[in-house]
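Notes for the one structure printed next.
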Amino acid sequence: MTRSPEGRPSPVVSLQFDRVDRRYEPGDPLTARYRIEGLGDEPIEAVEHSVLWYTEGKGEEDLGVHFFARVEGSPTTTESDGTVAFHTRLPASPLSYEGVIVKVRWCARVRIFFRAARDFVSEHVFDVGRLPPARLVTAEAP
Amino acid sequence: MRLPRIFGKKRGHRRTGSQIWGTVGDAAFHAALLLAGFIFGGLLVSGVAVPEWRINHDYLPARCTVVGKRIERRVADRPPGAWHAALLLRYETDGTAREAWAWPGPAAGGGDRGQAVRRLAAWPLGGEVPGWYDPAAPGTVVLQRGYNWWMWLLALLLPGALTAFGGAGLLRAARRWGKSEEHRAASAGLPELLDPVAQRPRASQGHPAVPCCDDLVNSPGTILRYRLPIESPENWTLLGFGLFALLWNAVLTVLAVQAGLDLLGGRRDWLLFALLLPFALVGIAGIAVFIRGIVLASAVGTTQLEIADHPLRPGGSYGLMLAQAGSGEFRELSLSLELEERATFRQGTDTRSERAVVWRQPIHVWQDVQLSPGTRFEAHATVRVPAAAMHSFASEHNSVRWMLVVHGTPARWPAFQRVFPLVVFPPTAGAAEVSP
């Protein structure tokens, strides 16, 4: 069990996508399985898992949630080995994008709410589409 | 119990405010506004609206005889208010004779003492006037009924605005309380109504985060299918220059008139004269810049761009028709396809935007174009959207925008640039995989 600098147990969320390269196309089905370890004896209030995109870069962060589920208390395991699985079909947009001042990233998030008024977030990034990274145009003509 | 931290980490090393304390502060602010709305509304309703409504609905008519009159003013006012006429009335309620003072409405009020005394002559002693008394308190009589519309407007508008703003903010804070950002974003409801300040772009049907292109396909072209709307931020700049010139010169005129009157009256305010000179120079410069902007905007002539189809798809080719009106010679007229990223962020209390062009493809360049009045230059070209192109993207603070850009270099005028936004959709499912 790992511990945070404040001495509280720091859980570990192991999440696996159904594609090893974590690369999907718009409209593809996505299945993810996760397992929470290292909880210690701190009681859980709820667990949320979601599939979402967010922006990074110079601008304020924007967020779009595609799939969301909240389970009160410890999540019911759906597999015999104690993992929880969820499934969704990805939308047509937006695609993952590595821009210069705007980046769009897709991820699966697992958020654990503890009774002691704190939460723990685990984020697992994947790609939607296969766009090359953008580069800043400096010359008048490319 | 552990109190939430004032500061928390957002992402990486950047520190941000605690979400819990932020929500508490937001809720407290809006609760104070809501409370102020209720108190203000309650005072207006109980002090103005209800008494006025009772006068018009509950008070009973009575024939009143004027048995005394006086003028008065409210000594509580600082400085003391205007003089008003007051009448001592005698009337009967249920067989009982009563006497009470009443104020005969706006006709009796305002002005100095002499005017008020002269007004009293309109109500001779022994004369009869119609009145209405309160059946619950027969000693109260009024000489006028009706509604003060502005008071009702005040009673509804100010407390209503405070209540609506405070209530919406409190409801928004309540919706946020204890919820993760994913939960809030996923919650259905009325987020736009609760947060009217937020500007969420309208998305295309079935394509989240891709801007809607309804406004780009509502104008048919003369030769091709659609005429693209022009984006003209320079027009807003021109309007800004015009407003500045108008306001500045209005202030300058007031100061100049004052200085002229002083001069005619034999007074010379040298400080005012010294200030007027630089003010006048700025005013003249403002007018000159505005007129120059108008001349430049109108002298070059309009630019129109038509496209064969819209929205665009990565890998697709689309016919274009460029039309340039005006007269004279253009050394160069060029058309290019550009991809621009735009990010909006806060720095302290300022909101700033930054742009970066991340892709530019020349489509065509026309050299030595000769324009003549009455006819327009027309040329056809084809634009090809790269197969590995990012689609148009728009969220609240970030966007990726495609646009066609016309650059012109007239022989006699400064160079100009005109922008025509486009919407590029993501590739359709099953499209060929593209390597960078």
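Chains A and B are the protein sequences, given in the same order.
So in our numbering, spot 10 of the first sequence is number 410, and the numbers just go up one at a time.
So in our numbering, spot 253 of the second sequence is number 255, and the numbers just go up one at a time.
Here a beta-carbon is modelled for each residue, glycine too, at the ideal position from N, C-alpha and C.
- Message: For P423(B) and N58(B), I'd like the C-alpha separation in whole angstroms.
- Response: Position 421 of the second sequence, counted from the start, is the residue given in the question as residue 423(B). Position 56 of the second sequence, counted from the start, is the residue given in the question as residue 58(B). The alpha-carbon atoms of P423(B) and N58(B) are separated by roughly 60 Å.
- Message: Give me the chain A residues within the contact set of M392(B), using Cβ-Cβ distance strictly less than 8 Å, ordered along the chain.
- Response: As a first step, residue 392(B) must be located in the second sequence, where it is residue number 390. At a beta-carbon threshold of 8 Å, the residues of chain A lying near M392(B) are L495, Y497, G499, L531 and A534, ordered along the chain.
- Task: Assign A446(A) to one of three DSSP states: helix, strand, or coil.
- Result: Position 46 of the first sequence, counting from 1, holds the residue named residue 446(A). Correct three-state label for A446(A): strand.
- Cβ-based burial, P280(B) [other Cβ within 10 Å; buried from 16]: Counted from its first residue, the second sequence places residue 280(B) at position 278. Exposed is the call here.
- Item | Nonlocal neighbours in the same chain, by C-beta distance under 6 Å from H399(B), ignoring five residues either side | Here residue 399(B) is taken as the residue at index 397 of the second sequence, counted from 1. Cβ-Cβ distances below 6 Å link H399(B) to T346 in the same chain, with the five nearest sequence neighbours on each side left out; the list follows chain order.
- Item | Contacts around M405(B), its chain only, beta-carbon distance under 7 Å, and the 5 residues preceding and following it disregarded | To locate residue 405(B), count along the second sequence from 1; it is residue 403. Listed in chain order, the non-local C-beta contacts of M405(B) below 7 Å within the same chain comprise E340, E342, V421, F422, P423 and L424, local neighbours out to five positions each way being set aside.
- Query: Given that a residue counts as buried once 16 or more other Cβ atoms are within 10 Å of its Cβ, and exposed if not, what is A548(A)?
  - Reply: Here chain A has residues from 401 to 542 only, and residue 548(A) is not among them.
- Message: Report the CB separation of Q326(B) from R294(B) in whole angstroms; it is logged as a contact under 8 Å.
- Response: Within the second sequence, residue 326(B) is the residue found at index 324, counting from 1. Within the second sequence, residue 294(B) is the residue found at index 292, counting from 1. Not really, about 21 Å apart at Cβ, beyond 8 Å.
- Query: Is the CB of V385(B) under 9 Å away from at least one CB in chain A?
  - Reply: For the purposes of this step, residue 385(B) is taken as residue 383 along the second sequence, with counting starting at 1. Interface flag for V385(B) against chain A is unset, since no Cβ pair is found closer than 9 Å.
- Message: So, at 6 Å on beta carbons, what are the nonlocal neighbours of G244(B) in its own chain, with the 5 sequence-adjacent residues on each side left out?
- Response: The residue you call residue 244(B) lines up with position 242 of the second sequence. Within the same chain, F292 come within 6 Å of G244(B) by CB-CB distance, once the 5 residues on both sides are set aside.
- Closer than 7 Å at the beta carbon, the chain B residues around F468(A): What you label residue 468(A) is simply residue 68 of the first sequence in a count that begins at 1. In chain order: E184, H185 and A188.
- Message: For G482(A), which residues in the same chain have their Cβ closer than 6 Å to its Cβ, ignoring the five residues on either side in sequence?
- Response: As a first step, residue 482(A) is located in the first sequence; it is residue number 82 there, counting from the start. Closer than 6 Å at the Cβ level, and outside the excluded window around G482(A), lie R435.
- Message: Can you check whether the C-beta of G459(A) is within less than 9 Å of a C-beta belonging to chain E?
- Response: This model lacks chain E altogether; the protein chains it does include are A and B.
- Message: Less than 9 Å between the C-beta atoms of W453(A) and P411(A), yes or no?
- Response: Reading the first sequence from its first residue, position 53 is the one you call residue 453(A). Reading the first sequence from its first residue, position 11 is the one you call residue 411(A). Contact: no.
- For R177(B), which three-state DSSP category applies? As a first step, residue 177(B) must be located in the second sequence, where it is residue number 175. Correct three-state label for R177(B): helix.
- Task: Excluding the 5 residues preceding and the 5 following A88(B) in the sequence, name in chain order all residues of the same chain whose CB lies nearer than 6 Å to its CB.
- Result: Position 86 of the second sequence holds residue 88(B). In the same chain as A88(B), and ignoring 5 residues on each side of it, the C-beta atoms closer than 6 Å to its own belong to R72, E74, W103 and W105, in chain order.
- Task: Check whether the Cβ of S410(A) lies closer than 9 Å to any Cβ atom in chain B.
- Result: As a working mapping, residue 410(A) is identified with position 10 in the first sequence. Chain B contact via Cβ: absent.
- Helix or strand or just coil, what does DSSP make of N150(B)? Start at 1 with the first residue of the second sequence, and residue 150(B) comes out as number 148. In this structure, N150(B) counts as coil in the three-state DSSP scheme.
- Query: Can you give the Cα-Cα distance for Q416(A) and R186(B), rounded to whole angstroms?
  - Reply: For the purposes of this step, residue 416(A) is identified with residue 16 of the first sequence, where counting begins at 1. For the purposes of this step, residue 186(B) is identified with residue 184 of the second sequence, where counting begins at 1. Their backbone Cα atoms lie some 25 Å apart in a straight line.
- Message: I want to verify the contact list: residues of chain A whose CB lies under 9 Å from the CB of V212(B), in sequence order.
- Response: Working through the second sequence from its first residue, we reach residue 212(B) at position 210. At a beta-carbon threshold of 9 Å, the residues of chain A lying near V212(B) are A492, S493 and P494, ordered along the chain.
- Quickly, what does DSSP pair K503(A) with across the bridge? List them, please. Walking along the first sequence from the start, residue 503(A) turns up at place 103. Secondary-structure assignment with DSSP links K503(A) through a beta bridge to E456(A) and E498(A).
- Item | Proximal residues, the stretch 409-429 of chain A versus chain B, C-beta separation under 8 Å | Taken in chain order, the members of the stretch 409-429 of chain A whose beta-carbon sits within less than 8 Å of a beta-carbon on chain B are E425, P426 and G427.
- Query: To which residues does DSSP link A104(B) through a beta bridge?
  - Reply: Residue 104(B) sits at position 102 when you count from the first residue of the second sequence. DSSP lists L89(B) as partners of A104(B).
- Query: Alpha carbon to alpha carbon, what distance is there between W250(B) and A287(B)?
  - Reply: The residue you call residue 287(B) lines up with position 285 of the second sequence. The residue you call residue 250(B) lines up with position 248 of the second sequence. A287(B) and W250(B): Cα-Cα distance of roughly 11 Å.
- P213(B) - containing beta strand (DSSP E), residue span: Position 211 of the second sequence, counted from the first residue, corresponds to residue 213(B). Boundaries of the beta strand (DSSP E) harbouring P213(B): H209 to P213, taken from the DSSP string.
- Message: Checking 9 Å against the spacing of the C-beta atoms, do F332(B) and D370(B) come in under that value?
- Response: Reading the second sequence from its first residue, position 330 is the one you call residue 332(B). Reading the second sequence from its first residue, position 368 is the one you call residue 370(B). The answer is yes: Cβ separation under 9 Å.
- Task: State the start and end residues of the unbroken alpha helix (DSSP H) segment that holds V119(B).
- Result: Locating residue 119(B) in the second sequence gives position 117, counting from the first residue. From DSSP, the alpha helix (DSSP H) with V119(B) extends over R115 to L122.
- Could you please tell me which residues of the stretch 506-532 of chain A, in chain order, have their CB closer than 9 Å to any CB of chain B? For the stretch 506-532 of chain A, the residues whose beta carbon sits under 9 Å from a beta carbon of chain B are, in order, R509, R511, F513, A516, A517, R518, D519, V521, G529, R530, L531 and P532.
- Query: Taking buried to mean at least 16 other C-beta atoms within 10 Å of its own C-beta, is I512(A) buried or exposed?
  - Reply: Numbered from its first residue, the first sequence carries residue 512(A) at position 112. A residue is called buried when at least 16 other Cβ atoms come within 10 angstroms of its Cβ; I512(A) meets this threshold and is buried.
- Could you tell me if H393(B) is buried or exposed, where buried requires 16 or more neighbouring beta carbons within 10 angstroms of its beta carbon? Numbered from its first residue, the second sequence carries residue 393(B) at position 391. The C-beta of H393(B) has 16 or more other C-beta atoms within 10 Å across all chains shown, which makes the residue buried.
- Name the chain B residues that come within less than 7 Å of D441(A), Cβ to Cβ? The sequence position of residue 441(A) within the first sequence is 41, counting from 1. Simply none; closest approach about 17 Å.
- Item | Beta carbon proximity, V359(B) to chain A, threshold 9 Å | Counting from one through the second sequence, the residue named residue 359(B) turns up at place 357. At a cut-off of 9 Å, the C-beta of V359(B) has a neighbouring C-beta in chain A.
- Do the CB positions of L277(B) and V426(B) come within less than 9 Å of each other? As a first step, residue 277(B) is located in the second sequence; it is residue number 275 there, counting from the start. As a first step, residue 426(B) is located in the second sequence; it is residue number 424 there, counting from the start. Not closer than 9 Å, so no.
- Message: For R186(B), report the span of its alpha helix (DSSP H) as first-last.
- Response: Residue 186(B) sits at position 184 when you count from the first residue of the second sequence. Here the alpha helix (DSSP H) through R186(B) covers E183 to A188.
- Item | Amino acids of chain B, ordered along the chain, whose beta-carbon sits closer than 7 Å to that of E448(A) | Reading the first sequence from its first residue, position 48 is the one you call residue 448(A). Here the neighbours are S182, E184 and H185.
- Task: Kindly list, in the order they appear in chain A, the residues whose Cβ is closer than 7 Å to that of A345(B).
- Result: Counting from one through the second sequence, the residue named residue 345(B) turns up at place 343. Per Cβ cutoff of 7 Å: G457, K458, G459, I501 and V502.
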